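A quick write-up on the structure given underneath.
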Amino acid sequence: MLVLDNVDAHYGKSHVLHGVSIEVRAGEVVGLLGRNGVGKTTTLKAIMGMARRTGGRITFEGNDLHGVPPHGLAGLGIAWVPEERRIFRLLTVLENLRTGLDRPGITPARREGLLEKVYAYFPILRERRNQAGGTLSGGEQQMLAIARAMVLEPKIILLDEPTEGLMPRMVAQIQEIVHALHRDGVAILLVEQNVPLTLDAAGRVYIMEKGTVRHHASSAELRADQRVIHEYLGV
Amino acid sequence: MDQILIQTLHGLVNGMVLAMVASGLTLIFGIMDIVNFAHGDLLMLGAFVGASVLGMTGNYWLALLVAAIVIALLGAVLQVTTLRPLIGRDPLTTILATFGVSLVVQKYALWQWGPSVRQISEPVHGDFTLFHLQYPWYRIVTALLAGLIIGALWLFLKYGKYGIWIRATTQDRVMAQAMGIPVPLVYTAVFAIGSAMAAASGVLFGPFAGVTQTMGFDFTLRAFIVVVVGGMGNLGGSILASIFVSLLEAYAAIVVSPAQAVIVSFIVLVLTMLFRPTGLFVPTPK
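As given, the protein sequences belong to chains A and B, one line each in that order.
Heads up: the first sequence begins at 1 in the working numbering, then just goes up one per residue.
Heads up: the second sequence begins at 1001 in the working numbering, then just goes up one per residue.
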């Protein structure tokens, strides 16, 4: 469904991605592991058209994403949950969700259904719906960022370090949500530093180092043989 | 005492018109980081369009509406042709571009309508007596209308679907795009809305002092002062600053001549820049 074929990307003059090839099939959860600064986030940004792609091809359901404007990706079914969460801080929780809900061609009933669905997943968001996004705790902001992606009814969610800086109880909740999305048939490209969580949630895992993919294996293989993990991640 | 009351009323009326001009300017700055030097000239052009429509039809309210729509369309065209290609460039390029637009618009107005002052006759006649002074009803109507238009803008930004798009884009344009909000279109629409507000202010203000092709610069300058004093890109701050500065000027006019009273707004500007450069009416930055 989502295919990165030999992608190169630059930030300004620095060459950040060197021939990255990754594939995510429909409904699949794929992990992307690696140390800080190896290009995981840039890979997601290259998909979103935010990092300057200088080589290779990115296709989604067979269509080249080159030339699709950044605001056209949501309509194709690609949602992004950035590492910094990027909540609209001065908008209320409900207004944050409305940025994704108020799109052309959605019926009021469907809109209401989607809102109910994310409130069922994250009851705290219903409680805080009239509160400014910037006043939420880190964990609540993460839930809002995921909920905001969910209301787009995406086919794939690019999930960037969702558990970073969260307390264990929140991490468990995020893990549950990833499982639930997987059950709903949403594909996920999960960038993480948390190895156990990634191996638990993802079917396959790519390991990146120095701007390129160094290893690719199923989670079962990696669980059975932890040497690769030690080699590339040092844990 | 009665002089203070009269000047308070005067300051409030001027403040409301200024607030309307400034809110268009601050909306554009807040979302696009564009300092629009042509804002006052769009106001002037709106006043001329209004005067022409009024001359042809005799209907002031129609003139107000037509001027707003025509200048909104012109604003949209200007944004697409001159400013959209400059997105992401040095802010200086947009300043120069809008300054260029300002000159072109002024010269066009001179060519089209000539150098003489045009009058817009007020739609509401009659005065009321405030102490010993006759005060025209039209000024009160203008202040109320300006208040209504600003209120409508505020409601639209707060509750409207596209209002949320505008606020989301103002806060984080990259994330707004990722949510599927067509940011280039939002930019054009905001520029059109700001232009329409300027044009409507021009028609509202026209009966006060007449319409000339050089009236724009004064408005650009005054709107800039209040936008900076109120905090760049902060709508509520600009409105409060408009009223604050206009009231100060009105009170100063009791002591000195009205022409000298204008100095007060510059003093406020300088003091703001010195002691609180983020603006008077914004929460203290953490």
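Built from N, CA and C at the ideal position, the CB exists for glycine as well.
Being a predicted model, the structure only gives us computed values, none of them experimental.
Query, Result
"Which residues in chain B sit within 7 Å of arginine 86 of chain A, going by Cβ to Cβ distance?", "Asp1172, Met1175"
"Could you say which of B:Thr1093, B:Thr1057, B:Ala1063, B:Leu1042 lies nearest to isoleucine 1034 of chain B if we only look at CA atoms?", "B:Thr1093"
"With a threshold of 6 Å on Cβ separation, who are the neighbours of glutamate 95 of chain A within its own chain once the five nearest residues in sequence on each side are excluded?", "none"
"Check each candidate in A:Gly185, A:Arg89, A:Ala46, A:Leu144 and name the one with the smallest Cα separation from tyrosine 119 of chain A.", "A:Leu144"
"Can we say the segment 1195-1210 of chain B touches the segment 1113-1122 of chain B, given the rule of at least three CB pairs closer than 8 Å?", "yes"
"So with CB distances below 9 Å, who are the chain A contacts of proline 1182 of chain B?", "Pro69, His71, Gly72"
"Helix or strand or just coil, what does DSSP make of serine 1121 of chain B?", "coil"
"Is asparagine 1059 of chain B helix, strand or coil by DSSP?", "coil"
"Taking the beta carbon of proline 1115 of chain B as the centre, do at least 16 other beta carbons fall within 10 Å, making it buried, or is it exposed?", "exposed"
"For methionine 1020 of chain B, return the contacting residues in chain A, with the cut-off set at a CB-CB distance below 8 Å.", "Neighbours of methionine 1020 of chain B on chain A: none; closest Cβ ~23 Å, over 8 Å."
"Could you have a look at glutamate 83 of chain A and say whether DSSP puts it in helix, strand or coil?", "coil"
"So, at 6 Å on beta carbons, what are the nonlocal neighbours of lysine 1286 of chain B in its own chain, with the 5 sequence-adjacent residues on each side left out?", "Low confidence applies to lysine 1286 of chain B: its pLDDT is 42, below 50, so where it sits in the model is not reliable, and the reading given next is rough at best. None."
"Can a CB atom of chain A be found closer than 9 Å to the CB of threonine 1278 of chain B?", "no"
"Whose Cβ in chain A lies nearer than 9 Å to the Cβ of isoleucine 1193 of chain B?", "Ordered by position in chain A, no residue passes the 9 Å Cβ test against isoleucine 1193 of chain B, which lies about 18 Å from the chain."
"Quick one: is glutamate 231 of chain A buried, meaning 16 or more other Cβ sit within 10 Å of its Cβ, or exposed?", "exposed"
"Around the C-beta of glutamine 226 of chain A, are 16 or more other C-beta atoms found within 10 angstroms, so that it is buried, or is it exposed?", "exposed"
"Would you mind working out which of A:Pro104, A:Gly62, A:Thr163 sits nearest arginine 25 of chain A, comparing C-alpha positions?", "A:Gly62"
"Can you name the residues that DSSP bridges to proline 1136 of chain B?", "B:Asp1127"
"What does glycine 75 of chain A touch in chain B if you count any residue whose Cβ is under 9 Å from its own?", "Gly1180"
"At 9 Å on the CB atoms, spell out the chain B contacts of methionine 48 of chain A, in chain order.", "Val1174, Gln1177, Ala1178"
"Pull the bridge partners of serine 137 of chain A from the DSSP assignment, please.", "In the DSSP output, where bridge partners are listed per residue, serine 137 of chain A has none listed."
"Name the chain A residues that come within less than 7 Å of isoleucine 1254 of chain B, Cβ to Cβ?", "In chain order: nothing, as chain A lies at least about 40 Å away."
"Against chain A, does lysine 1286 of chain B count as a neighbour if the rule is that its beta carbon must be under 9 Å from one of theirs?", "At lysine 1286 of chain B the pLDDT is 42, less than 50, meaning the model places this residue with poor confidence; the figure from the coordinates comes in the next sentence. No, no contact with chain A."
"Could you check if lysine 1161 of chain B is buried or exposed, using at least 16 other CB atoms within 10 Å of its CB as the buried criterion?", "exposed"
"For phenylalanine 1266 of chain B, count the other beta carbons within 10 Å of its own beta carbon; 16 or more makes it buried, fewer makes it exposed. Which is it?", "exposed"
"Since histidine 182 of chain A is in the alpha helix (DSSP H), which residue starts that stretch and which ends it?", "168-183"
"Could you tell me whether the Cβ of isoleucine 1239 of chain B comes closer than 9 Å to any Cβ of chain A?", "no"
"Locate the alpha helix (DSSP H) running through phenylalanine 1099 of chain B, then write down its first and last residues.", "1091-1113"
"In terms of DSSP beta bridges, what is phenylalanine 60 of chain A paired with?", "A:Leu2, A:Asn63"
"Name the two residues that bound the continuous alpha helix (DSSP H) containing histidine 215 of chain A.", "Note, histidine 215 of chain A: premise wrong, no alpha helix (DSSP H); beta strand (DSSP E) at 212-218."
"What residue range is occupied by the uninterrupted beta strand (DSSP E) comprising histidine 71 of chain A?", "Taken as a continuous stretch (DSSP letters only), histidine 71 of chain A belongs to no beta strand (DSSP E), as it is neither H nor E."
"Comparing C-alpha positions only, which one of A:Leu115, A:Thr135, A:Gly134 sits nearest to arginine 126 of chain A?", "A:Leu115"
"Give me the chain B residues within the contact set of aspartate 102 of chain A, using Cβ-Cβ distance strictly less than 8 Å, ordered along the chain.", "Lys1161, Ile1164, Trp1165"
"Determine the chain A residues that contact alanine 1168 of chain B at a beta-carbon separation under 7 Å, and present them in chain order.", "Phe88, Leu91, Thr99"
"So, for alanine 1252 of chain B: in the same chain, excluding its five sequence neighbours on each side, which residues have a beta-carbon less than 6 Å away from its beta-carbon?", "Ala1261, Val1264"
"Opposite glycine 1015 of chain B in the DSSP bridges: which residues?", "Paired residue(s): none; glycine 1015 of chain B is not in a bridge."
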